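A quick write-up on the structure given underneath.
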Amino acid sequence: MAAAVTMVAALVVFSACGSSGASDSPKSPGVLTASGPTKAASGAPTASPQPIGFTYRVVEGDTLSSISQRFGVAVDEIAAVNKLTDAAKISIGQMLFIPGGDAGSAPSPVASPAADARLTGFAFPIEGACLPSSDNLMPNAPREYRAGVHEGVDFYTGSCVDVPQGAPVLAAKPGKVVRADAEFVEMTEAELNELLSRSLQQGYTDERALDRFRGRQVWVDHGNGVQTRYCHLNGIATGITQGAEVQAGQLLGYVGDSGTPEAVTAPGTEIHLHFEIRVGDSFLGAGLPPDQVRTLYERALSAS
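With numbering that gives the first Met the number 0, letter number 11 in the sequence shown gets 10, and the count goes up by one each step, no holes.
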C-alpha cells in the first residue's frame, strides 16, 4: 500500500457517510461555550469565550453576499472564520459558522418536523434492526477526517441484529426508485487521497466528494419532497432500476462497504448500511441536537 494511503487511513476516525460541513463538529444554533482560560495582566486566568454565533446550512440560491446581508455579518468575517479561500465558492448543504449573527433569523432545517406526517411510517431498512446507541452513528455526528458531518444512520452489527456483508437491505416505505448504481466503480487510491486532501483544505466535503463517499446507492422517492437513500451497498437487487415502483420491505440491495476509505485501504472492515431520510435539499434532523435527532428518527421509524 502506498505511503500516502497509509497516511490517509490514519485520518479515518469514523466510517465514510454523511454530509458536507464547514466545521469539525456540528453545532446547534446558539451561543458557543468558552474555549478555555487565558491569562490577564496579573497572571490570573480569565475566561476567553468564542464569539457568539451559530451554524447555517447553505441552501439553493444562497451566495456569501446574501448570507452576509441576511445575518448582518461581513462577507470577509464569514469567509475568515470558515477558512474559505474563494468566497464565491459555496455549495448547497455546506455548513457555515456565522459569527455574531442572529440565530433567530436562521431558517429551520425542517419546518415543524415533529408534526410532519410525511416523516412517519418508515420501516427499518434492516429487518430486526434498531437505532444505534451511539450518537456518532446518527445524523450531525462529526466526520473530522473529511471536515464534514454525518447525514444519516449507520447500521452495524450490534444494532439489535447482525449486519454482515450481503445482508438484505429493504425499502423503508413505498415509493419510486430514482437512482440505482448498478454500474458503480470503486474509488482508486489516488482518487481517495485527492478527495480527502481537497475536503480538508477547503474545510468541508463538497457534493461530488460526498457522493463518492456514499458508495453504491439506491435512492427511493416517496413524494412530497421526501426521499430515502441506502448507501455503501455491495450490490443491487434484481429489478431495482430507475423508475421502478417498490413497496415497503421490498429487497433493494445488499450491505457492503463501498465508498468508505476502508474499501480502498482495508476492504471488508467497514461493513454497514448508511441510511438517510432526506427532506427537500437537506437531511432529517440537520443542525439539531442529538436528543432531538433521535426523537425524530424514533418517530419516523414507526412502521417496524
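For every residue, glycine included, the Cβ atom is placed at its ideal position computed from N, Cα and C.
The structure presented is a predicted model; accordingly, all values stated were derived computationally and were not measured.
Asked	Found
Which same chain residues, not among the five before or five after residue 179, have their C-beta less than 7 Å away from its C-beta?	217, 235, 239, 240 and 241
I'd like to know whether the C-beta atoms of residue 57 and residue 83 end up nearer to each other than 9 Å.	no
Confirm, please, whether the CB-CB distance from residue 258 to residue 211 is below 9 Å.	yes
Looking only at C-alpha atoms, which of 270, 222 and 294 sits nearest to residue 157?	270
Could you tell me the alpha carbon to alpha carbon distance between residue 274 and residue 247, rounded to whole angstroms?	15 Å
Residue 235 by DSSP, collapsed to three states: which one?	strand
Considering only their Cβ atoms, is the gap separating residue 136 from residue 162 smaller than 9 Å?	no
Can you tell me which of the three DSSP states residue 58 falls into?	coil
Can you tell me whether residue 226 is helix, strand or coil according to DSSP?	strand
Could you compute how far the alpha carbon of residue 134 sits from the alpha carbon of residue 286?	14 Å
Please identify the residue among 175, 115 and 77 whose C-alpha is closest to the C-alpha of residue 97.	77
Apart from the five residues on each side of it in sequence, which residues of its chain come closer than 6 Å, Cβ to Cβ, to residue 189?	none
Using 10 angstroms around the beta-carbon of residue 264, count the other beta-carbons present and answer buried if the total reaches 16, otherwise exposed.	buried
Sorted by chain position, which residues of the same chain lie with C-beta nearer than 7 Å to residue 250's C-beta, five sequence neighbours on each side aside?	167, 169 and 236
Can you give me the C-alpha to C-alpha distance between residue 296 and residue 92, rounded to a whole angstrom?	20 Å
What are the boundary residues of the beta strand (DSSP E) that includes residue 275?	272-278
What are the boundary residues of the beta strand (DSSP E) that residue 210 is part of?	Taken as a continuous stretch (DSSP letters only), residue 210 belongs to no beta strand (DSSP E), being part of the alpha helix (DSSP H) at 206-213.
Along the alpha helix (DSSP H) that carries residue 98, what are the first and last residues, could you check?	First-last for residue 98: 94-98, but that is the beta strand (DSSP E), not the alpha helix (DSSP H).
Any idea if residue 245 is buried or exposed, counting beta-carbon neighbours within 10 angstroms, 16 or more meaning buried?	buried
Give me the Cα-Cα distance between residue 30 and residue 165, rounded to the nearest whole angstrom.	For residue 30, the pLDDT reaches just 25, beneath the cut-off of 50, and the residue's location in the model is therefore unreliable, although a value from the coordinates is still provided. Looking at the two C-alpha atoms, the distance is approximately 45 Å.
To the nearest angstrom, report how far apart residue 109 and residue 288 are at their CA atoms.	Low per-residue confidence applies at residue 109: pLDDT is 42, beneath 50, and the placement is therefore not dependable, though the value from the model is reported in the following sentence. Distance between the alpha carbons of residue 109 and residue 288 is about 13 Å.
Tell whether a beta-carbon distance below 9 Å holds between residue 304 and residue 181.	Only positions 0 to 303 of the chain appear in the structure, and residue 304 is not among them; the question remains open.
Reducing DSSP to helix, strand and coil, say where residue 155 ends up.	coil
Could you give the residue range of the alpha helix (DSSP H) that holds residue 74?	74-80
Of the choices 173, 148, 154 and 117, whose alpha-carbon is the least far from that of residue 125?	154
Scan the segment 125-193 and note each continuous beta strand (DSSP E) run of 3 residues or more that stays entirely inside, going in chain order.	152-154, 167-169 and 174-179
Do residue 90 and residue 205 have their beta-carbon atoms positioned less than 9 Å apart in this structure?	yes
Identify every residue that forms a DSSP beta bridge with residue 244.	175
Locate the beta strand (DSSP E) running through residue 118, then write down its first and last residues.	That residue, residue 118, is in no beta strand (DSSP E); it is neither H nor E in DSSP.
Please determine, among 225, 67 and 255, the residue with the shortest C-alpha to C-alpha distance to residue 185.	255
Can you tell me whether DSSP reads residue 53 as helix, strand or coil?	strand
Suppose you measure from the CA of residue 176 to the CA of residue 191; what does that come to, to the nearest Å?	28 Å
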